[in-house]
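S.K.: Following this message is one structure expressed as structure tokens.
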Amino acid sequence: MKRMLFFLLAIPFFLLGNGTHKNANILMIVAPHNFRDEEFKKPYDYFLSKGYNVTIASTTTDSIKGMLGLKIKPDKQLNEIVPDSFDIVVMPGGSGAGVYFKDTTVSKILENFNARNEIIAAICLSPVTLAKNGILKGKKATVWSSPFTKKALEKNGAIYVNEPVVIDGNVITANGPKSALKFAKAIDSMFILKKEAKHDE
């Protein structure tokens, strides 16, 4: 209890509370078909509860449907996104996530975030998209476990780690729906640390 109290006291006041992230913008890139419901919904709800501004982007702004039936309406098409307007990019997974493995628009977005050293987060199959774009080269990462996904990561220079959530540098990866909330909390924690570091500069 004392250690937890010390940790809370050590975080500057401006980093606490629901107003913490009122000027922080998250981009969630969601597959147009068969995204994994929990991997979108749990982080999305968590981010909103923390005061983040969240923009949902996909290849369409028509209603899209998850593997378990969740329907959402993206705010923007991917080609409308201005990456510099966002602090964090999050890619939920699902069986439809492969649509972005070689998507040139997503590639440019990821390249922008990586060049700015901003947070890049992917769960389930989506770490494969990061790997194919060179984001995971030399980094530890996890992914939905299958021979294909592990090979895709390792072929592109990633170091596969069999853990629910893995953080390396500016990149956060997670292995599936059971890790969705832990994934979201890791993203929030990293953002707080980055914001605190900038405040101390």
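Per our numbering, the sequence shown starts with residue 39, numbered consecutively. A virtual CB, placed ideally from N, CA and C, is assigned to each residue, including glycine. Given the structure is predicted, the values throughout are model-derived calculations rather than measurements.
(1) Quick check: the segment 134-152 against the segment 78-92, are at least 3 beta-carbon pairs closer than 8 Å?
(2) Please work out which residues of its chain come closer than 6 Å, Cβ to Cβ, to N91, disregarding the five sequence neighbours upstream and downstream, and give them in chain order.
(3) Kindly indicate the opening and closing residues of the beta strand (DSSP E) around T167.
(4) Terminal residues of the continuous beta strand (DSSP E) containing S96?
(5) Can you name the start and end residues of the alpha helix (DSSP H) that N150 belongs to?
(6) Could you name the residues of the same chain whose beta carbon sits closer than 6 Å to that of E201, not counting the 5 residues immediately before and after it, in chain order?
(7) Kindly indicate the opening and closing residues of the alpha helix (DSSP H) around T187.
(8) Which value, in whole angstroms, describes the spacing of the CA atoms of G107 and D75?
(9) Sort V120, M129, D122 and P121 by Cα distance to P70 and report the nearest one.
(10) Within 10 Å of its beta-carbon, does L116 have 16 or more other beta-carbons around it, so buried, or fewer, so exposed?
(11) Would you mind stating whether G132 and G104 have Cβ atoms separated by less than 8 Å?
(12) Where are the beta strand (DSSP E) runs, 3 residues long or more, that stay fully inside the segment 59-134, in chain order?
M.R.: So, from the data block:
(1) no
(2) Position 53 of the sequence shown, counted from the first residue, corresponds to residue 91. Cβ within range, chain order: N63.
(3) Here residue 167 corresponds to residue number 129 of the sequence shown, with the count starting at 1. Where T167 is concerned, there is no enclosing beta strand (DSSP E), although the alpha helix (DSSP H) it sits in stretches over P165 to K170.
(4) Stepping through the sequence shown from its first residue, residue 96 is reached at position 58. N91 to S96 is the span of the beta strand (DSSP E), which, as asked, contains S96.
(5) Within the sequence shown, residue 150 is the residue found at index 112, counting from 1. Run containing N150: T142 to A153, per the alpha helix (DSSP H) assignment.
(6) Residue 201 sits at position 163 when you count from the first residue of the sequence shown. If we look at E201 and ignore the five residues flanking it on each side, its Cβ neighbours are T180.
(7) Taking the first residue of the sequence shown as 1, we reach residue 187 at position 149. Here the alpha helix (DSSP H) through T187 covers P185 to K193.
(8) As a first step, residue 107 is located in the sequence shown; it is residue number 69 there, counting from the start. As a first step, residue 75 is located in the sequence shown; it is residue number 37 there, counting from the start. Approximately 8 Å between the Cα atoms of the pair.
(9) For the purposes of this step, residue 70 is taken as the residue at position 32 of the sequence shown. Of V120, M129, D122 and P121, the residue nearest in Cα terms is M129.
(10) Taking the sequence shown and counting its residues from 1, one reaches residue 116 at position 78. So L116 counts as buried.
(11) By 1-based counting over the sequence shown, the position of residue 132 is 94. By 1-based counting over the sequence shown, the position of residue 104 is 66. Going by C-beta atoms, G132 is nearer than 8 Å to G104.
(12) 63-67, 71-73, 91-96, 102-104 and 126-129
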